[in-house]
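S.K.: Protein chains in written order, with my numbering: chain G, 561 to 684; chain E, -8 to 484; chain V, 117 to 255; chain F, 30 to 517.
We put the beta carbon where it would ideally sit given N, CA and C, even for glycine.
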Amino acid sequence: MEGLNELAFVLGGVNHWITVFLIMAGLYIIVSRSNMIKKLVGLSIFQTSVYLLYVSPGKIIGGTAPIISDDFTVYSNPLPHVLILTAIVVGVATLALGLALVIRINEAYGSIEEDDVYSGEDWN
Amino acid sequence: MLDQLPAIIIAVPLIAAAVCALIRNETVCWLIALVVAFASFVGSATMLGQVQKYGEDISYKLGGWAPPVGIEYKVDLLAGYVLVLVSLIATAVLIYGRQSVKLEIKKNLHGWYYTMYLLCMCGLLGIVITGDAFNAFVFMEISSLSMYTLIALGKDRRAVAAAYQYLVMGTIGATMYIIGVGLLFTITGTLNMADLAMRLVPLLDTPAAIAGMAFIIVGLSLKIALFPLHLWLPNAYAFAPSAVTSFLAATATKVSIYLLMRYLYTVFGFGFSIERTPIPEVIMVLSLLAIFAGSFTALFQENIKRMLAYSSVAQIGYITLGIALANATGLTGSLVHIFNHAVMKGALFMLVGGIAMQVGTVRLSDMAGAGKAMPLTMFGFVLGGFSMIGVPGTVGFVSKWYLAMGALENGWWWIVALLMLSSLLVLVYMGRVIEVAFFRERPVDAIPLKEAPKSMIVTAWVFLLACVYLGFDTSFTVGVAEQAVNVLLGGAQ
Amino acid sequence: MRGHLILRVVSKILIPFLLMFALYVQFHGDFGPGGGFQAGVIVAAAFVLYALIFGLRAMQKIISPALLEIAVPLGVLIYAGVGVYTWILGGNFLDYNMLDSHDPSHGQHLGVLLVEAGVLLTVSSTMLLIFYTFAGRGR
Amino acid sequence: MTDLSLFIVAAMLIPAVGAGLIASSGSRPNVREAYTLVTAALLFGVVFLLVPSVLQGARPATEGFDLLPGLSIQFVIEPLGMIFAMIASTLWIVNSIYSIGYMRENKENKQTIFYTCFAIAIASTMGIAFAGNLFTLFLFYEALTLSTYPLVTHKGNDDAKAGGRMYLGILLSTSVLFLLPAVIATYFIAGTGDFTVGGIIPEGESPYLIAALSILFIYGIGKAAVMPVHRWLPAAMVAPTPVSALLHAVAVVKAGVFSVVKVIVYVFGLDLFSGDATSWVVYAAGFTVLVASIIALGQDNLKRRLAYSTVSQLSYVVLAAAMATPLAIIGAAMHITAHAFGKITLFFAAGSIYTAAHKTEISQLNGIGKRMPFTMAAFTIGALSMIGVPPTAGFLGKWYILSAAMELKDWFVLFVIFVSTLLNTGYFVPIIYRAFFKAENVPPAHEHGEAPWPVVLALSLTALGTLALFIFPEVPLALAKALVGQIL
């Protein structure tokens, strides 16, 4: 029984495990990579974790889309989906802007490696 | 009309931004932006007046949906206070910045500049006015994304790199915040802040609530640029166009601090976040580090915009210190300093904008002899410096007085000593600029200088005079701040 | 891409269906998963596909960047216009109930329809504009 | 009462408005100097109109202006402030006359800024003199520091910059690091900062707190130049002579010792201050008196010698105030007055020598008394006043201080005064001797007689004032007695 409980803990929270994994993976990429595009990829992964975090508790197993009908009684919570739609848009906008900046950086510095850009410049 | 004000001050800038994007004529866009910003200011001031007069918060149901399901716009004293600040600065920077925008930003981008500016203002006002945790995130991203764009408009290539840096850090902050909100949402099922506060009461000790709180505070600290999460700030301030720097410095971090206060006092409640967690101690240490690290680094900057940016890091430390003092006096000091710092740092950055325009650079060594050629600018700098130091009769003194009194109430003498010591550091780094400007002769081969355009000087001086006026007549800042503190603490105790 | 006959034929067949599907997603948004965001992205995807196969220049002949720069704020204005209209009718901002004086739920339908149209316009043109911007660099 | 409070406001507004007018006069020297003299005369009139009622026991006050709850700006005239205002307003006139001669003759540049800042400094001085509470005092104390900074750096060369940096650095840092915390702490402990007869620090505070507070105050008021915060004074000697006179006699150092006396009398109260917790002040001040005199002995530069003499004389006042008996306080007040007249005479003489003969070192002064008899006669009177020889004003102050020390049987104070008098004699008399009785050793660069007439007029006036104060000390003495009469 003990083992089963642990299994249930691991499997029951699988969404959250994945969320945590995505957070850590995203942050790790942001911190460890010098390539600016890779950093943005990390940032996107980091943001993606949020989507999962929000959508997970909204889903009710057996529930349907929340359009009121006589045939169904159990509905999923629509709010998280709406929120995450917004968050995705924000994420896309951020990514687009980030990439645009990287292009400009590449044009100005001839490199998208952070080491080159930040160390080769007098910041004072 | 009056009861629609909360939506008006958000929707009108948004619509105006779209209109600006369609028109793209510099003069028209500037006029639109100016009218809209001023209207927002009038609207904010009216709402603050209403709240003060009737002692009742204004609540607005967006789309007619009642909270907690729908999004609620809520104006209480604190929100009204910050709204007035943001819209006031936005208006002033528009008047101030037109000339420097013309000079520093490519011609075909002027229309987009005002679009982004309005969007940014809309986002900042939105963060303050919304009573919904997720909506706050959306507005935060609206303001941040437009801010990154505005920074990247700087003519130096370093501006783009700085904007990128800010984008990465800012997005991490916002995402952290939203993760925290998500955790709270998971356990309470609501996003309305007032509702959240109520439903959290029995759940405060659960790991999810604590983790959520940690995420929110760290995320917001990134946005606030609380030491040591301030690394994005100096470059962003230093290389953005002058007008953007003035606006950014005076508003962006302040709004995030507002949101932090909302969470600490309204959502989690004084009784939990301040009294039962080590948050005040942590903030205290970080604030003191911010004050000293910021001031020390400012001492060694050649670029005055960067110097002022580091000084902002230090000043933010003062504001958060007030939170960490955890008593009414300290919190009052912190709220007063939000306003005061916005006014004085705004003025200083405006003056530096004028210097950048005339001298061509903002390097200290290029400013030799500027005192003689640009007396209004440099005397303004002296006055602003006094205020930063906290000379009595300026706003800087008022905030420091409250912070010192707050520290004494807790019996923390050493904080008072440290506060005074930090004032000395301010004296030294402001003194360097003043000495170079007034006592070093301008090299013969250097380009001759003249005073910055009138619109810039006048706006900056209006702010400087406000520094002095508000240093004597504190009924607005301290009056509203004290009432707001009562609301913040009263709601929790 | 001149030589890739199969790609060109297939995409020519696919694009109308993609646009159709976008419209389906757009209007089904009232009854199931869907709406302006998703539809907007699908529309943009169809155009991006066209640009990939036939070249950016051909695409820009059909929809010029200048047009998109107008379309983006226009979508926002449609959205916000609905809100302003509800103000004029005496309701709160974006209070769709006001849009139909007889039956509030009709008002909701109408409101969502209009707002989603604005969203479609803005999202699709923004996505396309981003694509143009990136694809047009370095030439 | 109302009209009197109007006078108080006028006393601050007149120099402030004068500063505006002077600034607007641009580069028209006659207009500028006319404004200066008229303003000074007006101020003199206003201040002296206030004297009779204060002597009769009135304490005119303005309405408090609340800056923050409990923290207000208010002006009240009490006897000590009255003395200070009288000194400053009288000497401003004389100093203006002197400045005109000095600045014109030496062709100093930026004279408009000079006169403007001077007027602002006087306005701040009036604010200090009439301050009704600690905060107001602090406010104008800082204003005085800041408005004199451009004066100290007037020459604009590297020396002036270095001197100015030292001046501003020490004065501002002591006031921010020590005085401001002391002010804040006083408000926090006492709940008020209003100057009240008998002090405001409540009974029964721990002696450690009192001691800490007294340290913060004594060293925080850097203008009183108690060692080791005296360094700004010699550093500020780079300024033109009228500025040195302002610093040493009219405003700055007087503001310092005035503040010390005021804090001791009205914040601590004499009872509290005569306790053990604050007895260290006597020793610190005594030490400063002796050490500064010894340093003065070794200086060859005339102005530097005078500067160290000032440091030592200031500590006389602090020493007297720290004894905290009524007699001692009278002595302190009288010494402030006497030193003001004596020291300004000495500085005027030094400036006069510089203007006429371009000499700055004492060793060059042999025989100069023959060429400049008025100047050196005035110098002699000033020096005698410093030593405390009758019939000069200096004697009065020393007399009261000595009597107070006798009364207390404080052997340390007696010793300090005795030795320092010897030292004073040691560093002043040789100058007089050289000037009158030695043959000229350094031939002057050009033939010269006396300095321009405004300079000579000014220094003769102050020298006469020094003598007159000895013969007619009624008004200041009455005020000084009123000051302690309240306490008794």
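Using Cβ-Cβ distances below 9 angstroms, what residues of the stretch 444 to 464 of chain E are close to chain F?
M.R.: Gly462, Phe463 and Asp464
S.K.: With DSSP collapsed to three states, give me the class of F:Ala353.
M.R.: coil
S.K.: Short of 8 angstroms in beta carbon distance, which residues of its chain neighbour E:Gln484, apart from the five on each side in sequence? Order them along the chain.
M.R.: Any reading at E:Gln484 must be qualified, since the residue scores a pLDDT of 40, below 50, and its modelled position is unreliable; the value itself is stated next. Result list for E:Gln484: Phe261 and Gly262, in chain order.
S.K.: Less than 7 angstroms separating the Cβ of V:Ala162 from some heavy atom of the ligand SAH?
M.R.: No copy of the ligand SAH appears in this structure; indeed no ligand is present at all.
S.K.: Kindly indicate which three-state DSSP category F:Ile516 falls into: helix, strand or coil?
M.R.: Low confidence applies here, because F:Ile516 scores a pLDDT of 43, under 50, leaving its location unreliable and the question unanswered by this model.
S.K.: Would a check of beta-carbon distances place G:Leu659 closer than 8 angstroms to chain V?
M.R.: yes
S.K.: Count the CB pairs spanning the stretch 382 to 398 of chain E and the stretch 179 to 199 of chain F that are closer than 8 angstroms, and state whether there are at least three.
M.R.: no
S.K.: At 7 angstroms on the CB atoms, spell out the chain G contacts of V:Ile246, in chain order.
M.R.: Ala656
S.K.: Under a CB-based cut-off of 8 angstroms, is V:Arg253 close to chain G?
M.R.: yes
S.K.: So, at 6 angstroms on beta carbons, what are the nonlocal neighbours of F:Pro472 in its own chain, with the 5 sequence-adjacent residues on each side left out?
M.R.: none
S.K.: Report the neighbours of F:Pro269 on chain E: residues whose CB is nearer than 9 angstroms to its CB, in chain order.
M.R.: The contacting residues do not exist; F:Pro269 stays about 17 angstroms from chain E at best.
S.K.: Is there a Cβ of chain F sitting closer than 8 angstroms to that of E:Ala483, yes or no?
M.R.: A caution first: E:Ala483 carries a pLDDT of 41, below 50, which makes its placement in the model too unreliable to give a value.
S.K.: Take F:Val76 and list the residues in its own chain whose beta-carbon comes closer than 7 angstroms to its own, dropping the five residues that flank it on each side.
M.R.: Ala40, Ala114, Met115 and Ser118
S.K.: Between F:Gly315, F:Arg334 and F:Phe316, which lies nearest to F:Ile324 when the distance is taken from Cα to Cα?
M.R.: When C-alpha distances from F:Ile324 are compared across F:Gly315, F:Arg334 and F:Phe316, the shortest belongs to F:Arg334.
S.K.: Hey, out of F:Tyr462, F:Gly380, F:Lys467 and F:Ile230, whose CA is closest to F:Thr409's CA?
M.R.: F:Tyr462
S.K.: Residues of chain E with CB closer than 7 angstroms to the CB of F:Ser273, please, in chain order.
M.R.: Correct list: empty, because the minimum Cβ distance to chain E is about 20 angstroms.
S.K.: What did DSSP end up calling F:Ala90 once you bin it into helix, strand or coil?
M.R.: strand
S.K.: For G:Lys599, return the contacting residues in chain E, with the cut-off set at a CB-CB distance below 7 angstroms.
M.R.: Close to G:Lys599, with beta-carbon spacing below 7 angstroms, are these residues of chain E in chain order: Val159.
S.K.: Can you find at least 3 beta carbon pairs, one from the stretch 163 to 174 of chain F and one from the stretch 133 to 141 of chain F, that sit closer than 8 angstroms?
M.R.: no
S.K.: How about E:Pro59 and E:Lys52: are their beta carbons less than 8 angstroms apart?
M.R.: No; because the gap between Cβ atoms is not below 8 angstroms, this pair is not in contact.
S.K.: Tell me which residues share the same chain as E:Val10 and place their Cβ nearer than 7 angstroms to its Cβ, disregarding the 5 neighbours each side in the sequence.
M.R.: Ile23
S.K.: Residues in the same chain with beta-carbon distance under 7 angstroms from F:Leu326, minus the five sequence neighbours each way, listed in chain order, please.
M.R.: These residues qualify, in order along the chain: Leu452, Gly455 and Tyr456.
S.K.: Check distances from the C-beta atoms of the stretch 423 to 442 of chain E to those of chain F and list, in chain order, the residues that come in under 8 angstroms.
M.R.: Answer in chain order: Glu426 and Phe430.
S.K.: Once DSSP output is grouped into helix, strand and coil, what is the label at F:Lys467?
M.R.: coil
S.K.: Just to confirm before moving on: does the CB-CB distance between F:Leu523 and F:Pro58 stay below 8 angstroms?
M.R.: Shown here, chain F extends from 30 to 517; a query on residue 523 of chain F therefore has no answer.
S.K.: Can you find a CB in chain E that lies within less than 8 angstroms of the CB of F:Gly185?
M.R.: Contact of F:Gly185 with chain E is assigned, a C-beta pair being separated by under 8 angstroms.
S.K.: Residues of the stretch 198 to 216 of chain F in Cβ contact with chain E at a cutoff of 9 angstroms, in chain order, please.
M.R.: Gly198, Leu201, Ser202, Val205, Leu206, Phe207, Leu209, Pro210, Ile213, Ala214 and Tyr216
S.K.: Could you tell me the distance, in whole angstroms, from the CA atom of V:Ala187 to the CA atom of V:Ile178?
M.R.: 14 angstroms
S.K.: Closest by CA to E:Gln474, which one among E:Met369, E:Thr244, E:Leu25 and E:Ala70?
M.R.: E:Ala70
S.K.: Between E:Gln156 and chain V, is there a C-beta pair that is closer than 8 angstroms?
M.R.: no
S.K.: Counting only C-beta atoms, is G:Leu603 closer than 8 angstroms to chain B at any point?
M.R.: Checking the listed chains, one finds no chain B in this structure; the protein chains it contains are G, E, V and F.
S.K.: What three-state label does DSSP hand G:Asp675 in the structure shown?
M.R.: DSSP, read as helix, strand or coil, puts G:Asp675 in helix.
S.K.: Residue range of the beta strand (DSSP E) that F:Leu100 falls in?
M.R.: Leu100 to Ile102
S.K.: Assign F:Lys184 to one of three DSSP states: helix, strand, or coil.
M.R.: It is coil, neither helix nor strand.
S.K.: Between the stretch 219 to 229 of chain E and the stretch 174 to 189 of chain E, are three or more C-beta pairs nearer than 8 angstroms?
M.R.: Using a C-beta cut-off of 8 angstroms, the stretch 219 to 229 of chain E makes no contact with the stretch 174 to 189 of chain E, since fewer than three inter-stretch Cβ pairs fall below that distance.
S.K.: If you follow the beta strand (DSSP E) that E:Ser50 is in, where does it begin and where does it stop?
M.R.: Ile49 to Lys52
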